[in-house]
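First residue of the sequence shown: 1, per UniProt numbering; consecutive thereafter. Note that CB positions come from ideal geometry on N, CA and C, so glycine has one too. None of the values given here were measured: they were computed from a predicted structure. Here is the structure we will look at.
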Amino acid sequence: MAAQPSDDEVERWGVFERRFSAPEPERPLDTVLTVEFRHGERVVSAPGFHDGAGEYVIRFSPDAEGTWSYLTRSAEPALDGHEGRLRCVPPAAGNHGPVRVAGTYHFAHADGTPYRPVGTTVYNWLHQPEERYRATLEAVAGAGFNKLRFLVFPQGGGHVAHRPDRFPFARDADGRWDVGAVDVAYFQALDRAVADLLATGIEADVILLHPYDQGDYGLDALSEEEDAAYLRHVVARLSAYRNVWWSMANEYDQMERPEDRWDRAFQVVRDHDAHERPRSIHNWIDIYDHNKPWVTHVSLQNGFAVADFGRALLYRDVYRKPIVLDEIKYEGDIPERWGHLSGPELVHRFWVATVSGTYASHGESFLTESGSLSIVEGGAFRGESPPRLAFLRRILEEVRGVGLDPIDKWDDTTHTAGVPRVEYLRYLGPSAPARWRFALPQGVTGERLVVGDRFAVDVIDTWEMSVETVPGTFTLTTVERNGARADATIELPAGRPLALRIRRVG
1 MAAQPSDDEV ERWGVFERRF SAPEPERPLD TVLTVEFRHG ERVVSAPGFH DGAGEYVIRF
61 SPDAEGTWSY LTRSAEPALD GHEGRLRCVP PAAGNHGPVR VAGTYHFAHA DGTPYRPVGT
121 TVYNWLHQPE ERYRATLEAV AGAGFNKLRF LVFPQGGGHV AHRPDRFPFA RDADGRWDVG
181 AVDVAYFQAL DRAVADLLAT GIEADVILLH PYDQGDYGLD ALSEEEDAAY LRHVVARLSA
241 YRNVWWSMAN EYDQMERPED RWDRAFQVVR DHDAHERPRS IHNWIDIYDH NKPWVTHVSL
301 QNGFAVADFG RALLYRDVYR KPIVLDEIKY EGDIPERWGH LSGPELVHRF WVATVSGTYA
361 SHGESFLTES GSLSIVEGGA FRGESPPRLA FLRRILEEVR GVGLDPIDKW DDTTHTAGVP
421 RVEYLRYLGP SAPARWRFAL PQGVTGERLV VGDRFAVDVI DTWEMSVETV PGTFTLTTVE
481 RNGARADATI ELPAGRPLAL RIRRVG
C-alpha cells in the first residue's frame, strides 16, 4: 500500500519527520519499522519508533544536498511499503552540522567549523517544573555554555526536592517496569528538551543510564534486554537531531554490571544510530577502556587531573581521542570534597585543561532554597565562574586551527599549548610573575620555528576577562632544537591569574 511519492524540503543536517498510522498493538516496541533512505547509490537505514495512539514516526537528518527517496520496511502491513522523496537544501545560517572528532584530539562541525566544548551539567533538568526548566535553558544559553549534560531517567536519593510527574514506562501487575509500555509523553518531553537546546545552539549530552536511583524508582535495575529495548527507542527518537551526543552512563562503575554488558550496550547504540552521533561513558573510580572502537571520545571524572599541570595530557597519549573532563569537581558550598571549589579554583582548572590539549565541563553544587543542589535542579547560575568560562570559550574560538595541542609534551616546564609556528597559549597560573622573558618551546611535530619569525603577544587576565596587546612585535633571534628566544622581556601585573597568547605575524 505505497503512498504517492511527494517532495518534502529539509535543510542539510535538519530533521525530516514522517508519521504513519497503524493498528495499536499490545506491545508497541515489538513492532519494528525501518526506513531505507537513498541518495544516488548510497543507502542509509534508519529505525522508526512508536509515538502512541497508533502512530509510528521516522526521523532522518540528510547530510547531502539533493533528492533523497525513502521506502519503509515492516512486518506490520500498515507500515510497510510507504515511499516518498525529500529534497535536501543548503543549511540555514548557523547550521554547521553535527559535531565530529577532528584532528585526533578535537572536534569540528560537519562543515569544518571547529567546535570547542565549554559545557555544563544539570542532571535532573528534564524532570523539573516548567518554570525551572525554562529558567535553566535561559541560564545555560545566557552564560555562553555550548553543551549541557543531563539524565534521561530521573535522579533519586538525597538533594532531589522535586519528584517527576511522569516515568518512562508503565508498571506491570507485579509492580515491575514494563519497558514495552512506553509513556509517550515522557519521551516527547525528551524530544522537546533536545530540540530546545538545538534552537539555542547547545549540544545535548544525553546521559542514558545512571546509578543515582537510590532505590526510589528501580530504573537502574532493568535487565540487559530491557536496557536494549529502551536504548533502541531513544536512539530512534533522538538520533536525527544534529546536536545529540550519547553518554552511556554517568559513573557507570557504580552500577553492578559486568564490563562486557556495557560493551554490548554501546554496540546497541552504535548499530541503531544511522547518524553516528558522538559516544562515550563517564566513570566514578574505574575507567572504561575508551580505546574500544565504539567510543568516539573520552569522558572522564578526575579533578586531580587538572589540579596541577602535566597530568591531563597523559590521557591523550593513552587513548588518542578527544579528552573531555566532564567532572573536575564543582563550584559550590557543600561540605563534600567534590562540591566546594571556589570560582577562581574552577576557572584555574579549566585553563589547566586547556593548555593540556583537553576540555572540561562546569557544574555548580550550591545548596538551593528547596534543599536540592543547583547541579540537580538547575535554574539561574549562582557562582562566579560562568562568565569567566564564557570568556575562555571566546579565547578558544579565536584559535587559528582545529584546537590547541601541547607543543613539547616530552619536557616543557612551561606547559605551552598551541599550533606550532602559528599560535601559542601559555597559562602562567593563578599568580603570575612580574616579568616574562620571551621564549617558546620547540616540539618534535609540526612546523619548525626559525630565526626571524615575528610574534605579537597578548596578556590575558583570566579572572578580569581582559586582553591587552603588548606594543610592538618580537623577533626570534635564537632557535635551538627544543626552544626559541627573542631578546625581549615583557613586564606583567605580578600576582594576577594570567595567560599569554603569542601569535606569529607577517
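Pick from the options: whose alpha carbon is nearest that of residue i?
i      : options                           : result
Ala228 : Leu208, Gly215 and Tyr217         : Leu208
Ala141 : Pro433, Gln442, Ala494 and Leu389 : Leu389
Thr445 : Ala417, Val457 and Ala434         : Ala417
Val99  : Leu71, Tyr123, Gly201 and Asp165  : Gly201
Arg19  : Pro91, Asp172 and Asp51           : Asp51
Leu198 : Arg316, Ala240, Gly483 and Glu276 : Ala240
Asp273 : Ala46, Pro25, Val450 and Asp458   : Ala46
Val470 : Val234, Ala312, Ala499 and Ala53  : Ala499
Arg382 : Pro420, Trp351, Arg73 and Asp333  : Asp333
Glu224 : Glu203, Val268 and Ser247         : Val268
Glu251 : Gln301, Phe266 and Asp220         : Gln301
Val15  : Gly97, Arg501, Ser385 and Lys147  : Gly97
Phe37  : Leu341, Pro335, Glu55 and Glu17   : Glu17
Glu55  : Val44, Ala78, Asn482 and Glu41    : Ala78
Glu11  : Pro211, Arg454 and Asn95          : Asn95
Using the three-state DSSP reduction, which class does residue i fall into: helix, strand or coil?
i      : result
Leu492 : coil
Arg116 : coil
Ser356 : coil
Leu300 : strand
Arg349 : helix
Tyr427 : strand
Pro28  : helix
His106 : strand
Leu392 : helix
Ala3   : Unreliable placement is indicated for Ala3, whose pLDDT of 43 sits below 50; no coordinate value is reported for it.
Trp245 : strand
Val10  : strand
Thr368 : coil
Trp68  : strand
Glu130 : helix
His290 : coil
Gly81  : coil
Gly142 : helix
Ile375 : helix
Ala432 : coil
His340 : coil
Assign residue i to one of two classes, buried (16 or more other C-beta atoms within 10 Å of its C-beta) or exposed (fewer than that).
i      : result
Lys292 : exposed
Gly443 : buried
Ala93  : exposed
Gln188 : exposed
Asp263 : exposed
Ala434 : exposed
Thr477 : exposed
Gly506 : exposed
Val419 : buried
Ile285 : exposed
Roughly how many angstroms lie between the CA atoms of residue i and residue j, to the nearest whole one?
i      : j      : result
His39  : Ser69  : 7 Å
Val184 : Arg85  : 28 Å
Asp260 : Asp289 : 11 Å
Ala488 : Phe474 : 7 Å
Pro493 : Asp461 : 9 Å
Arg448 : Arg149 : 39 Å
Ala161 : His348 : 32 Å
Arg426 : Arg320 : 23 Å
Leu314 : Ala22  : 54 Å
Tyr115 : Glu397 : 8 Å
Glu131 : Asp165 : 14 Å
Arg394 : Gly119 : 13 Å
Ser431 : Pro344 : 11 Å
Pro278 : Trp245 : 5 Å
Asp172 : Glu226 : 14 Å
Leu373 : His282 : 20 Å
Trp436 : Ala307 : 23 Å
Asn243 : Ala204 : 6 Å
Asp30  : Arg163 : 30 Å
Arg176 : Val182 : 13 Å
Gly303 : Arg496 : 23 Å
Glu26  : Phe49  : 15 Å
Val88  : Gly66  : Per the sequence presented here, residue 88 reads as Cys, with Val not at that position. Going from the Cα of Cys88 to the Cα of Gly66 covers about 5 Å.
Taking 8 Å as the threshold, find out whether the stretch 322-337 comes into contact with the stretch 353-364 through three or more Cβ pairs.
yes
Count the C-beta pairs between the stretch 390-403 and the stretch 105-114 that are closer than 8 Å, then say yes if the count reaches three, no if not.
yes
Any contact of the stretch 51-67 with the stretch 192-204, i.e. 3+ C-beta pairs under 8 Å?
no
Spell out a yes or no on whether the stretch 149-168 and the stretch 121-137 are touching, meaning 3 or more CB-CB pairs, one atom from each, closer than 8 Å.
yes
If contact is defined by three or more beta carbon pairs under 8 Å, each pair taking one atom from either stretch, is the stretch 208-224 in contact with the stretch 66-82?
no
Using a Cβ distance threshold of 8 Å, determine whether the stretch 456-471 contacts the stretch 405-422, with at least three qualifying pairs required.
no
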